[in-house]
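2 protein chains.
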Amino acid sequence: MSTDTRTQFVAAATKLYAERGFYGTSLAAVANELGMTKQTLLHHFGTKEKLYGEVLQHVCAPMIATVNAAQTLEAAFITIGELIGEAPENTQLLMRELLDNKRRAEDAHNWYLKPFLDRLLGLLREKPGLETLRDAEALTLIYQLLGAINYFAISKPTLSQMYGTETYSAMEKTYRASIERLLSTALEMQEEAETGA
Amino acid sequence: MSTDTRTQFVAAATKLYAERGFYGTSLAAVANELGMTKQTLLHHFGTKEKLYGEVLQHVCAPMIATVNAAQTLEAAFITIGELIGEAPENTQLLMRELLDNKRRAEDAHNWYLKPFLDRLLGLLREKPGLETLRDAEALTLIYQLLGAINYFAISKPTLSQMYGTETYSAMEKTYRASIERLLSTALEMQEEAETGA
DNA sequence: AGCCTCCTCTACCGATCGGTAGACAATATA
DNA sequence: TATATTGTCTACCGATCGGTAGAGGAGGCT
Chain A
1 MSTDTRTQFV
11 AAATKLYAER
21 GFYGTSLAAV
31 ANELGMTKQT
41 LLHHFGTKEK
51 LYGEVLQHVC
61 APMIATVNAA
71 QTLEAAFITI
81 GELIGEAPEN
91 TQLLMRELLD
101 NKRRAEDAHN
111 WYLKPFLDRL
121 LGLLREKPGL
131 ETLRDAEALT
141 LIYQLLGAIN
151 YFAISKPTLS
161 QMYGTETYSA
171 MEKTYRASIE
181 RLLSTALEMQ
191 EEAETGA
Chain B
198 MSTDTRTQFV
208 AAATKLYAER
218 GFYGTSLAAV
228 ANELGMTKQT
238 LLHHFGTKEK
248 LYGEVLQHVC
258 APMIATVNAA
268 QTLEAAFITI
278 GELIGEAPEN
288 TQLLMRELLD
298 NKRRAEDAHN
308 WYLKPFLDRL
318 LGLLREKPGL
328 ETLRDAEALT
338 LIYQLLGAIN
348 YFAISKPTLS
358 QMYGTETYSA
368 MEKTYRASIE
378 RLLSTALEMQ
388 EEAETGA
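Residue numbers (my numbering), protein chains in the order written: chain A, 1 to 197; chain B, 198 to 394.
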C-alpha cells in the first residue's frame, strides 16, 4: 500500500501546484522533490490530472471539516483565517483552481468546496432575522468576506515588495480584527435591509 | 511599424493568458488566434516574457487612468467595478499575476499596479479624519474592498455551475450596491476607530 | 523453494514547447 | 533602377512535456 509515499507525493504536489500552477508544474519536478522519478509518481497516481484531483481533495478536506465544526458564522470565519495562516499555499492553490475551472467545468473538481459554501450559508441563516435570506443575497455576503480574506492571503509577496515587509506584517496584525468588524457590520447591515424591506 | 498587428497580438494574448495562464498559453496558440505563425509573433515581441509584459501594461493602463480620473474613493471603486464588468478577463489575468509574481519578484511586472494602489491610498486619505492614516491600516481597508470585488469577479463560472446562472445574475445585481454599502460602512468604522483612539 | 504483489527503476515514445536561421515578397527611399 | 526596411513565411533546433513498456529487486505467503 505504502500510504506514506502517496501522502508524501501529495504534499510535494500541493506545494508545487500552488507555487507554479497546474501547467507550470511537471511530474518530474514533483517526483524530484522526493528524489524519485516521474515514472514512480505515475505508477501511484496514473495521470497528472488524477494527482491533481487528490491534491484538491487533500486541500479542501480540512476546510470543510473546520466549518462543519464551527458553531457560528463568526467562529467559522475565524478558523478559516487561522487555516489560511497555517497553510497559505492551500489558499493559493484554490485560487488557481477558481481561475482555471472554467475550462474544467464538466469535471468533478468544482464541487469539492460546495459543502464548504453550503455550510457557511447554513450558518448565516441561523442568524436571527436572516432565516429566509435567499441564495443570491447570502452568497453575496459570504463571497465578500471570503474574497477579502483570500485576496489578502495571496497578496503577501506583492505587498511585501511594494510597501516593505514591516508594513505587511503590520497589516497582518490588523487584518483579523478588521475582518471581524467587517463581518459583524455586514451582518447588521443585512439584517436592517431585511427588516426594513 | 504596423502598430495594428502588434495590438491585435496583444489583445489575443491577453485573452489567452487570462484564460489559461502564462504556462498554459503557447506562442503558437496566440498566433493561431490571428491565423498567423508563432515566428511572426516572435518577430514582433522577441520572447514570450516580453509579450507578457506588454499584455500586463495594456491591462493595467486603463485601471490606473480610471482611478486617477476619479475624484473620490467611492467614485474610484464604482468605476473599478465597471471596468471589471466590461473586461473580466483582465481581472483574471491580474489575479494570476498576483499568484505568480512570487517567482518573478525581481522583475518589473509587480510595479505596474503600484500607481493604482497609491492613488487609492491618496483618495482614502482625503477623507476627513483619515489624513494621517498609516499605510498598513489604509492598505488593509483597500485590500478588503479590492478582494471582495475581484474574488467575486473571477468566481463567475464556479458560482454559476454550483448555484445556477439565475442565482449568479441575481448576485451581480445586488453586488454593486452591496460593495457600496461595504465601502461606506468601512469608512465609518475606520473613522470611529481613529477618533476613538 | 516457488509465487505473488508492491514498488522503483531505465529506456523510450510522439507531441509540443520556446526560440533561431534564413528565404522571400512588399514597400519605401534614393 | 538599386538598396534598405519591414513583415511573414518554411524549416529546423534542443529541451521538455505527459505517458507507456517492461525489467528487476524486496518482502510476504503457501
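For every residue, glycine included, the Cβ atom is placed at its ideal position computed from N, Cα and C.
Considering residue i, what are the terminal residues of the alpha helix (DSSP H) in which it resides?
i	result
Lys38 (chain A)	38-45
Thr140 (chain A)	135-154
Gln254 (chain B)	245-266
Asn298 (chain B)	From DSSP, Asn298 (chain B) is part of no alpha helix (DSSP H); its letter is neither H nor E.
Gly122 (chain A)	114-125
Thr132 (chain A)	It is not in any alpha helix (DSSP H) - Thr132 (chain A) carries neither H nor E in the DSSP assignment.
Phe274 (chain B)	270-283
Leu27 (chain A)	27-33
Leaving aside the five residues before and after residue i along the sequence, list all residues of the same chain whose C-beta is less than 6 Å from its C-beta, in chain order.
i	result
Ala215 (chain B)	Glu286, Gln289, Leu290
Met198 (chain B)	For Met198 (chain B), the predicted structure reports a pLDDT of 45, less than 50, and the residue's modelled location is therefore unreliable. A value from the coordinates is still provided. Excluding sequence neighbours, Met198 (chain B) sits near nothing in its chain.
Thr222 (chain B)	Leu213, Tyr214
If the cut is a Cβ gap below 7 Å, which residues of chain A does residue i touch?
i	result
Ile351 (chain B)	Leu98, Leu99
Lys311 (chain B)	Met162
Met233 (chain B)	Near Met233 (chain B) there are no residues of chain A at all, since even the closest Cβ is about 23 Å away, more than 7 Å.
Going along chain B, which residues have a C-beta under 8 Å from residue i?
i	result
Asn150 (chain A)	Gly344, Tyr348
Thr167 (chain A)	Asp332, Ala333, Leu336
Thr14 (chain A)	Result: empty, since nearest Cβ-Cβ is about 14 Å, beyond 8 Å.
Tyr175 (chain A)	Thr337
Since residue i meets chain B, which of its residues come closer than 9 Å, beta carbon to beta carbon?
i	result
Ala186 (chain A)	Ser375, Arg378, Leu379, Thr382
Closer than 8 Å by C-beta to residue i: which residues in its own chain qualify, once you throw out the five before and the five after it? Chain order, please.
i	result
Thr234 (chain B)	Ala225, Ala228
Arg373 (chain B)	Ile275, Gly278
Met171 (chain A)	Phe152, Leu159
Leu336 (chain B)	Leu314, Leu318
Ser381 (chain B)	Glu271
For residue i, go through chain B and note every residue whose CB falls closer than 7 Å to its CB, in chain order.
i	result
Met189 (chain A)	Arg378, Thr382
Gly21 (chain A)	Gly218, Tyr220
Gln92 (chain A)	Leu296
Can you name, in chain order, every residue of its own chain whose Cβ lies under 7 Å from the Cβ of residue i, other than the five neighbours on each side?
i	result
Ser160 (chain A)	Tyr168
His255 (chain B)	Val207, Thr211
Ala61 (chain A)	none
Leu187 (chain A)	Lys127
Ile346 (chain B)	Ile277, Gly278, Ile281, Ile376
Can you list the residues of chain A that residue i reaches, using a CB-CB cut of under 9 Å?
i	result
Met368 (chain B)	Asp135, Ala136, Glu137, Leu139, Thr140, Tyr143
Met260 (chain B)	Result: empty, since nearest Cβ-Cβ is about 15 Å, beyond 9 Å.
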